[in-house]
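Heads up: the sequence shown begins at 43 in the numbering used here, then just goes up one per residue.
Written out below as structure tokens is the structure these notes cover.
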Amino acid sequence: MNIDLIYRRSLRKRVAGFPIRLGLMLVRRNSQVLPNMLGKIALEEAFALPRMKEQTERWASLFAVDGEKHAREVTDVAEIRTKYMDEYGVGYQILSYTAPGVQDIYDPKEAHSFAREINAYAAEQIKSKEDRFGCFACECPSTLSMHDPSEAATELERCVLELGFKGALVNDTQRSGHDGDDMIFYDGPEWDVFWETCTKLDVPFYLHPRNPTGTMFEKLWKDRKWLIGPPLSFAQGVGLSLLGMVTNGVFDRHPKLQIIIGHLGEHIPPDLWRIDHWFEDIKKPLGMAAQCKKTIRDYFAQNIWITTSGNFSSPLLQLCMTEISADRILFSIDYPFEQFEDACVWFDKTELNKIDKLKIGRENAKKLFKLGRYKDSEAQLKR
């Protein structure tokens, strides 16, 4: 019997006859593959308003080989993705709005209006499916306009208390200024009112990348367009914002704040020793200690989580477990920019002990988001 084997890493290669492991990723086609872990929780999973399908398809041309398929899947909240969830053992998914989203709108009133429209739509879509779906108050995801800290805090509170959302997912900076060429970071003291609301509500905040715009795009990325997105720019943007929160004392002022970043840590975990060395041995003696009291490792242990979204590398996962521990890692996909089968088959086949696989696959997320029972939430691991 011939079995198609597909190894995904940019190009597809077919082999007939018997399984051959060509790399980290092996997928069987034309035969049923049963997941060995049911009830996985996925956190960075995008959707878009149906009325934005044409714009979404144009945007997808930057990130998807098949823009029409991408637009069809991202505007479908339940039917298509539920089939994928059932096929690949994902019991629960937390939705977030895709790009272009609220952080790309530099008019504050327009951004706030669009955020409320998205949040209302998402709440309606998941209302009868609460055993399978939750939602971030988010935009590409945050459907919080981040022009004004107090307004963002009020909208987050409404989304959590009235709509039952699980937290917020916001891009690393908010585009702003009369021509959209400025940007707002969230690490200054003026944002304390927002972070206080996050901790009061006891919900996490997912810091998500956005595309470079304005002068930043013109000077750094225009002539290097193939580096935009997952290859480089996303990690640089989130890394700058997250480490800015660390060094500007956000976690010292709000020690219970929980921040999530995707893509196995946005290039930070492999550099953790060097960051820690320079913070502790050079930057703090030069004055950084005034607002940054703990070590970078302390912040990762107490305030920062990472997900596997869009980064399905077993060696990197092992490194992250060594540097950060399985207690702070969460499974995710990054659908539809990444595919269920790639993420789920990789995770199911990755060699982890039972305790760590359950932690990363669902138990950490269940605790962080205080989730009740959902489909296969207590299912045993299969051998």
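Here a beta-carbon is modelled for each residue, glycine too, at the ideal position from N, C-alpha and C.
Predicted model, so just to flag it, every value in this text is computed and none were measured.
Taking 7 Å as the cut-off, the Cβ atoms of Phe411 and Ala385 do not count as close.
For Glu87, the enclosing beta strand (DSSP E) covers residues Lys82 to Phe89.
Ser138: member of the beta strand (DSSP E) spanning Val132 to Tyr139, first to last residue. Restricted to the segment 288-334, the beta strand (DSSP E) segments that are unbroken, complete and at least 3 residues in length are 301-303, listed in chain order.
Pairing Phe105 with Pro327, the inter-Cα distance amounts to about 43 Å. The segment 197-204 makes contact with the segment 155-168; the number of CB pairs closer than 8 Å reaches 3 or more. CA-CA distance, Glu308 to Asp244, rounds to 24 Å. According to the DSSP assignment, Thr349 belongs to the beta strand (DSSP E) that extends over Ile346 to Thr349. Counting along the chain, the unbroken beta strand (DSSP E) around Leu249 starts and ends at Phe247 to His250. In terms of Cα proximity to Gly81, the closest of Gln135, Gly329, Glu152 and Ala102 is Gln135. For Asn213, the enclosing beta strand (DSSP E) starts and ends at Ala210 to Asn213.
Collapsing the DSSP output to three states places Gln360 in a helix. Excluding sequence positions up to five before and after Ile122, its CB lies within less than 6 Å of the CB of Glu115, all in the same chain and listed in chain order. DSSP places Gln216 within a strand segment (E or B) once states are collapsed to three. In the three-state scheme derived from DSSP, where H, G and I count as helix and E and B as strand, Gly176 is classed as strand. For the pair of segments examined, the segment 316-332 was found not to touch the segment 361-381: the number of CB pairs separated by less than 8 Å stays below three.
Under the three-state reduction of DSSP, Ile160 is assigned to helix. Take the alpha-carbon of Ala343 and the one of Glu96: they are about 42 Å apart. For Met225, the three-state secondary structure derived from DSSP is strand. Apart from the 5 residues on each side of it in sequence, Lys171 sits with its Cβ closer than 7 Å to the Cβ of Ala120 in its chain, given in chain order. Rounded to whole angstroms, the gap between the alpha carbons of Trp263 and Ile270 is 7 Å. DSSP places Ile397 inside the alpha helix (DSSP H), whose first and last residues are Lys396 to Leu400. In the three-state DSSP reduction, Ile371 falls in the strand class (E or B). Annotation for Gly304: Glu86, Thr349 and Ser351 place their beta carbon closer than 6 Å to its own, counting only its chain and skipping 5 residues before and after. By the CB criterion at 7 Å, Thr117 and Pro92 fall inside the cutoff. Annotation for Pro191: the continuous alpha helix (DSSP H) segment containing it runs Pro191 to Leu203. For Asp418, there is no enclosing alpha helix (DSSP H), as DSSP gives it neither H nor E. In the three-state reduction of the DSSP assignment, Gly279 falls in the helix class. The C-beta of Gln300 has 16 or more other C-beta atoms within 10 Å across all chains shown, which makes the residue buried. Per DSSP, reduced to three states, the secondary structure at Phe382 is helical. Listed in chain order, the non-local C-beta contacts of Phe175 below 8 Å within the same chain comprise Val119, Ala120, Tyr134, Gln135, Ile136, Leu137, Gln167 and Ile168, local neighbours out to five positions each way being set aside. Inclusion of Tyr416 and Asp128 in the CB contact set at 7 Å is not warranted, their separation being larger than that value.
Taking Asp234 as the centre and dropping the five residues before and after it, the same chain places the C-beta of Arg295 closer than 7 Å to its C-beta, in chain order. Assigned with DSSP and collapsed to three states, Thr392 falls in coil, not helix or strand. Each residue's CA atom was taken as its position, placing Glu393 and Ser419 some 21 Å apart.
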